[in-house]
Each structure stands twice: as C-alpha cells, then as structure tokens.
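Worksheet for the structure shown next.
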Amino acid sequence: LEISDIVLHTDSTIALAWLNTPANHLKTFITNRVSEVQRLTENCCWTHVPSHLNPADLVSCGLSPRDLPELKLWWSGPSFLERGELSGGPGPPLMNESEYSCELKNGVVPEMPMSSVCVSTNSDLSFLSDLLCMRTFELVKEPDEKLSGFLSAEGIEWKFIPPRAYSFGGLWEAAVKSAKYHLKRIVGRSNLTYEEFLTVSIQIEGILNSRPLCPLSSSADDLNALTPAHFLIGRSMNSIIEPNLTDLNESVLKRWQRVTRLVQLIWNKWHRGYLSELQQRNKWHFQKKNVKVGDLVVLIEDNMPTFKWPLGRVTKIYSGNDTLIRVVKVKTQNGKYKRAISRVCLLPMPV
Numbered sequence: 001l002e003i004s005d006i007v008l009h010t011d012s013t014i015a016l017a018w019l020n021t022p023a024n025h026l027k028t029f030i031t032n033r034v035s036e037v038q039r040l041t042e043n044c045c046w047t048h049v050p051s052h053l054n055p056a057d058l059v060s061c062g063l064s065p066r067d068l069p070e071l072k073l074w075w076s077g078p079s080f081l082e083r084g085e086l087s088g089g090p091g092p093p094l095m096n097e098s099e100y101s102c103e104l105k106n107g108v109v110p111e112m113p114m115s116s117v118c119v120s121t122n123s124d125l126s127f128l129s130d131l132l133c134m135r136t137f138e139l140v141k142e143p144d145e146k147l148s149g150f151l152s153a154e155g156i157e158w159k160f161i162p163p164r165a166y167s168f169g170g171l172w173e174a175a176v177k178s179a180k181y182h183l184k185r186i187v188g189r190s191n192l193t194y195e196e197f198l199t200v201s202i203q204i205e206g207i208l209n210s211r212p213l214c215p216l217s218s219s220a221d222d223l224n225a226l227t228p229a230h231f232l233i234g235r236s237m238n239s240i241i242e243p244n245l246t247d248l249n250e251s252v253l254k255r256w257q258r259v260t261r262l263v264q265l266i267w268n269k270w271h272r273g274y275l276s277e278l279q280q281r282n283k284w285h286f287q288k289k290n291v292k293v294g295d296l297v298v299l300i301e302d303n304m305p306t307f308k309w310p311l312g313r314v315t316k317i318y319s320g321n322d323t324l325i326r327v328v329k330v331k332t333q334n335g336k337y338k339r340a341i342s343r344v345c346l347l348p349m350p351v
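So for the sequence shown, the UniProt record's numbering puts the first residue at 1; every next one is plus one.
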C-alpha cells in the first residue's frame, strides 16, 4: 500500500497556531516541543477536527465502559473519514464578522507638524526618532533660494578655509574647535544610533549659535543680544528645559535621557570655557576696555540650562581703593542685583 499523503488531526486551535509559527518566535518551553513535533511531522499536513468528532476526546470526557460498544465514533472514527474527506469542515472562525462589524470606526490620525527633511534623514522611523527630529530640525536653517539670489546679486561670496588650517577661521573657528574638543571627550565611545548622534550634533550646533555677540540696541531697557541664530533663523535659540541628568548614572537612563545627559555635559563644559575666554586677562601692560554703565553683560551663574544666557545691563559701578571696578549693579529681567566684577563678562563684540 503506497502512502501518498499523511494528514494529522487535532482539536486544539492553539496547537495549530503554534505549529504554523516559527519556533524561534515562541517561548522556550513551547519552542522545544513545537520544534520536535515539526521535525517528526515535516512532510505531514495538520488540520483541525471539532471536539465532538474527535474519538480521542471521548475518554478524557469521562466515557462509561458500558456505553463504549454502542459508540460508532469510537469504532469507526469520524464520519468525514468514511466519506474520504481529509477534515471535518472549515476551522473555527477567527472573528465573528457580524459581531464586530458594528464596532467599525473611522480612525482619524492628525498630521504631525514635522519637516520633510527631518523624516528623510531617519533610518528607522520609530516614535523616538520622530521625537528627536522634532526637537532639533528647527535648530538648522535649510537652504534659502531667495538668500542665495540676494548674495549672488550683491556679489557676496562664501570663502572656505583651507583644509586643516583652523587659524584662518578666527574666533568662530576657535569656538567650533572647543565644541569638537568636548564632543570627542564626552561622547567618546558611547553607543549611539545615527539619529541620536545627529541629535547631539545639532544640539551642539544650536548651542554655538545661541551665544550672545553684541547688544541689539543701545537702549538701557533692551536686554536682548544679537546671536548667530539671528542670521540663520531670524531669532534667538529656544529649548525645552530638561531636568538635570548630569549627576545620574548612564546605565539607569533611557535612550532619550542619555542623549539629553550628553548634551548637558557638553553645554556645561563648553559654557564655562567660553565665559572664561571672555574674561581672560593677561598681564595688564596695556589698558583694556572696562565695564561701564549701560553695557550689556553676561552674568556667570551656576547650573544654567542649555541655550540660557543670563543677560543684564550695568546700572552702577563700585570702585575699590585702587580706583579699579570691583562690583557692579546689573538690571536683569528678574530685578536688579549686585555682582562681583569676576561674575560678569562683556560681550565679545561690544558696540
């Protein structure tokens, strides 16, 4: 007798689902048993048989021995086998269509306000990647065709510095060099994804473009300073204030918190170094510009959030016995304060 097909029956829909699922997608206990069954029945076909047509289910249901001689199902098997059919009909429906059709609703998904450039740079469009892009894409100015036409009409050229000749860039290249110094030492060998590293880089770009350069006006009531961001996006940089994560262990942080912590560490290092450069004093062989009433200054405060530069106008100066200025009174958005001269910095480009 030649056997052409082997058909195996089970009344368990769960077991059928396991057999139709790759073993590596199941839990270990189930995987070990499903793998063995799949190996032994590799060339067989599994079908579903209803429980009331399964003779093996009679004993487990508590069949009495006196009823056994009269049960045709026990002696002859299911009726569909006598008719030459391979299964007892279609399997149980996965869903009652009439029951669930009344629950159908139209889903409305609001469009997220994000830039197409932001989406195109993602390798994995997960929620975290979209969130990182939404937090950073406004920090970068896209190419402006109108601006390009204006620069061409006015004869303004963009001059690139020679490779590895950082001194040609002057002060702005020194700021970039300082940021790269801290980026290399703080990020180091951190295992960041492309989107996470791109977020850190753009945040650093935003930090560099947020530094104050000179007062926007000479008015004593104007506490705003001109920044590189004004030339790029037309306003100063803004950022959501995050909790301070610099003192926490990196192993207990989530992915987004790790990125935030790296940015905060770079901000703290670069911010302090930049203010120290503004206050740098060599030997006083030559008279240098000193603070005077009406100057817009940067206040040196501890634990400042990223992109935050506390500014104030000098309203009064206090000199010591040597006629040198020791203390100044500054007017800020929150009131007037006295600060030691070592706790204020003149802007790098005073007008």
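Glycine residues also receive a C-beta, built at the ideal position from the N, C-alpha and C atoms.
Check: Best match in E2, Y337, K316, I186 for proximity to T246 [C-alpha to C-alpha]; Outcome: I186
Check: Proximal residues to L183 (C-beta, below 7 Å), its chain only, five neighbours per side dropped; Outcome: I204, I266
Check: Alpha helix (DSSP H) segment containing G294, residue limits; Outcome: Taken as a continuous stretch (DSSP letters only), G294 belongs to no alpha helix (DSSP H), as it is neither H nor E.
Check: L73 beta carbon less than 8 Å from that of P55; Outcome: yes
Check: C-beta contact flag for K338 and T315 at 8 Å; Outcome: no
Check: Local Cβ density within 10 Å of H271, reported as buried at 16 or more and exposed below that; Outcome: buried
Check: Cβ-based neighbour list, residue 362, same chain, cut-off 6 Å, excluding 5 preceding and 5 following; Outcome: Nothing in the structure corresponds to residue 362, since the chain is present only between 1 and 351.
Check: Euclidean distance between Cα positions of Y181 and L275; Outcome: 16 Å
Check: Status (buried if at least 16 other CB within 10 Å, exposed otherwise) for H25; Outcome: exposed
Check: Closest by C-alpha distance to F160, when choosing among A153, F168, E154; Outcome: F168
Check: Coarse secondary structure for T28, derived from DSSP in three states; Outcome: helix
Check: C-beta contact flag for L278 and P348 at 8 Å; Outcome: yes
Check: Under the three-state DSSP convention, the category P69 falls into; Outcome: helix
Check: R164 (DSSP reduced to helix, strand or coil); Outcome: coil
Check: Unbroken beta strand (DSSP E) run spanning L346, endpoints; Outcome: 344-346
Check: Boundaries (first-last residue) of the beta strand (DSSP E) holding L276; Outcome: Residue identity differs from the one stated: residue 276 is Ser in this sequence, not Leu. Careful: S276 lies outside any beta strand (DSSP E), inside the alpha helix (DSSP H) at 255-278.
Check: Per-residue DSSP class, three states only, for P215; Outcome: strand
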